[in-house]
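Q:
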Amino acid sequence: MKKKDPTVNPILNPESKKHSETDFNHFEVLLANRNSGIALETLRHDVTPIGMHYLLSHFDIPYVQDEKQWSLEIGGLVNNPMTLDMDYLKSLPQITQQVTLECAGNGRALFKPHWPSMPWTYEAVGTAEWKGTRLIDVLKTADVKTEAIQWVFSGADEGVDSGVQHDFSRALSIEMANNPDIMLAWEINGQSLPPQHGFPLRLVVPGWYGMASVKWLNRIEAIDYEFQGYQQVGTYVYRKDKDDKGTPVSVIRVKSLMVPPGKPDWYTRKRLLEAGETILQGRAWSGFGTPITKVEIGINDDWFEAEVFPANEKYAWSRWQFNWQAEAGYHQLKCRATDANGDTQPLEPPWDNSGFGNNCVQITEVWVEDDLSNV
Ligand SMILES: Nc1nc2c(c(=O)[nH]1)N[C@H]1C(S)=C(S)[C@@H](COP(=O)(O)O)O[C@H]1N2
Ligand SMILES: [Mo]
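Going by UniProt numbering, the residue at position 343 of the sequence shown is 343; the numbering climbs one at a time, nothing skipped.
Below, the structure is given as structure tokens:
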């Protein structure tokens, strides 16, 4: 074996990653400990309680003691560069929206082989009630120059990925950023943002996968070229293989999840249930607030239609419900949502090189016993 040169910094000169055919490695366990998913039973809540919403932070969570120290700079190709403080932002007209957010890497661990990164299975999703002000109103005041084509949104967190040092930055086209539903948010579920959700200020881009919703937002810059930052072009691109030019990850794909019925086995999370009528329920959502039109429930190889309730708000998930006569034995339960565009969930993970956009149907394994008081 070739000996590594001890003078070469492995953080800035990393070996290229490869898919893993087998187990999850030590670094994936560390990532899973930092970035939690929702407990699937909390899908019962219209709004995910604070502390149960999923979390994904690439680098360290910035330490911000007092929001009075915070400022948002708006610069680059604007006629009116500005530095705004939190008091000013909070004096602007306020909006509150329920938004279902999902990480683009949700489902990555279900690919075989899988890409070594945050090993989500189904749980990187949640719905929060965000309060803030409309991004577009603030951007209008800055008065973007005609030659600008994109806004770049930057967070205060910095780190290295694949040898590239950067702060967490994402771009939106000038046109996209005109969407009046995009918010500068400082509250979640009636409280100030906690540190892990972006205190004191974040972007919320409803209907897009989570990476667009930049946390710890401290700078917005107008540019006249396509942003080449790592989080824009180095990752969050759908690619068949590493040489594929690919297409950028953007809008959330249609998806649904089931509240696991019965009781869990602690270690495997498989379910134990008594025979008889069981209410199966869960959530379904899609990108850009496209309504859910159908949820089908798979009981082993048979499919049935569930009842779907309208979402509370445009960008919030819908609830669905199905009454199941559970019979003794082993069953695989599935749910499959279809949205108003006619898009539906695939049964198998749609291949992506780094595991993005996996909206394949969830499988819940259930063991039903005739009488649980006897076992
Ligand atoms: N500044 C910054 N913003 C960020 C991230 C980050 O690491 N740094 N992660 C993004 C990703 S990938 C997701 S899925 C969402 C997660 O938001 P949450 O942790 O509040 O649920 O934040 C996005 N915004
Ligand atoms: Mo994410």
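Glycine residues also receive a C-beta, built at the ideal position from the N, C-alpha and C atoms.
Indicate whether the contact test is met: 3 or more Cβ pairs, each with one atom in the region 305-312 and one in the region 258-274, closer than 8 Å.
A: The region 305-312 makes no contact with the region 258-274; the number of CB pairs closer than 8 Å stays below 3.
Q: Quick check on the DSSP output: the beta strand (DSSP E) that includes Arg134 runs from which residue to which?
A: On the sequence shown, residue 134 is found 134 positions in, with the first residue counted as 1. Here the beta strand (DSSP E) through Arg134 covers 125-134.
Q: Using only alpha-carbon positions, find the residue among Ser162, Ser91, His166 that is nearest to Pro14.
A: Here residue 14 is taken as the residue at index 14 of the sequence shown, counted from 1. Per the Cα distances, Ser162.
Q: Kindly indicate the opening and closing residues of the beta strand (DSSP E) around Glu307.
A: Start at 1 with the first residue of the sequence shown, and residue 307 comes out as number 307. Here the beta strand (DSSP E) through Glu307 covers 307-309.
Q: In terms of residues, what are the limits of the beta strand (DSSP E) holding Asn33?
A: As a first step, residue 33 must be located in the sequence shown, where it is residue number 33. Looking at the DSSP string, Asn33 is not in any beta strand (DSSP E); the run it does join, the alpha helix (DSSP H), is 26-34.
Q: Rounded to the nearest angstrom, what separates Gly107 and Trp120 at their Cα positions?
A: Position 107 of the sequence shown, counted from the start, is the residue given in the question as residue 107. Position 120 of the sequence shown, counted from the start, is the residue given in the question as residue 120. C-alpha separation (whole angstroms): 5 Å.
Q: Which term fits Asn25, buried or exposed, when burial requires 16 or more other beta carbons within 10 angstroms of its beta carbon?
A: Residue 25 sits at position 25 when you count from the first residue of the sequence shown. Label assigned to Asn25: exposed.
Q: Ordered along the chain, which non-local residues of its own chain (more than five positions away) have a Cβ less than 6 Å from that of Ile292?
A: As a first step, residue 292 is located in the sequence shown; it is residue number 292 there, counting from the start. Within the same chain, Ile292 has close Cβ partners Ala284, Val308, Ser318, Ala337, Asp339.
Q: Any chance the CB of Ser57 is under 7 Å from a heavy atom of ligand 1?
A: Within the sequence shown, numbered from 1, the residue matching residue 57 stands at position 57. At least one heavy atom of ligand 1 is nearer than 7 Å to the Cβ of Ser57, so yes.
Q: What does the Cβ neighbour count give for Ser16, buried or exposed, with the cut at 16 atoms within 10 Å?
A: On the sequence shown, position 16 is the one that residue 16 refers to. Around the beta carbon of Ser16, fewer than 16 other beta carbons sit within 10 angstroms, so the residue counts as exposed.
Q: Taking 8 Å as the cut-off, decide whether the C-beta atoms of Ile223 and Ala142 are in contact.
A: In the sequence shown, the residue the question calls residue 223 occupies position 223. In the sequence shown, the residue the question calls residue 142 occupies position 142. Going by C-beta atoms, Ile223 is not nearer than 8 Å to Ala142.
Q: Within 10 Å of its beta-carbon, does Thr364 have 16 or more other beta-carbons around it, so buried, or fewer, so exposed?
A: For the purposes of this step, residue 364 is taken as residue 364 along the sequence shown, with counting starting at 1. Thr364 is buried by the Cβ-count criterion.
Q: Around the C-beta of Trp266, are 16 or more other C-beta atoms found within 10 angstroms, so that it is buried, or is it exposed?
A: Residue mapping note: residue 266 aligns to position 266 of the sequence shown, counting from 1. Exposed: under 16 other Cβ atoms inside 10 Å.
Q: Locate the beta strand (DSSP E) running through Tyr330, then write down its first and last residues.
A: As a first step, residue 330 must be located in the sequence shown, where it is residue number 330. Looking at the DSSP string, the run of the beta strand (DSSP E) that includes Tyr330 is 329-339.
Q: Using the Cα positions of Glu158 and His166, report the straight-line distance between them to the nearest angstrom.
A: Here the question's residue 158 lines up with position 158 in the sequence shown. Here the question's residue 166 lines up with position 166 in the sequence shown. Cα to Cα, Glu158 sits roughly 6 Å from His166.
Q: With distances taken between CB atoms, is the gap from Glu231 to Arg134 smaller than 8 Å?
A: Your numbering for residue 231 matches position 231 in the sequence shown. Your numbering for residue 134 matches position 134 in the sequence shown. Before going on, a small fix: residue 231 reads as Gln here, not Glu. Contact flag unset, no.
Q: Spatial neighbours of Pro62 within its chain, please: CB distance less than 7 Å, with the 5 preceding and 5 following residues excluded, ordered by chain position.
A: The residue labelled residue 62 in the question sits at position 62 within the sequence shown. Taking Pro62 as the centre and dropping the five residues before and after it, the same chain places the C-beta of Ala156, Asp157, Trp216 closer than 7 Å to its C-beta, in chain order.
Q: Could you tell me if Gly342 is buried or exposed, where buried requires 16 or more neighbouring beta carbons within 10 angstroms of its beta carbon?
A: Here residue 342 refers to the residue found at position 342 of the sequence shown. The residue in question, Gly342, is exposed, as its Cβ has fewer than 16 Cβ neighbours within 10 Å.
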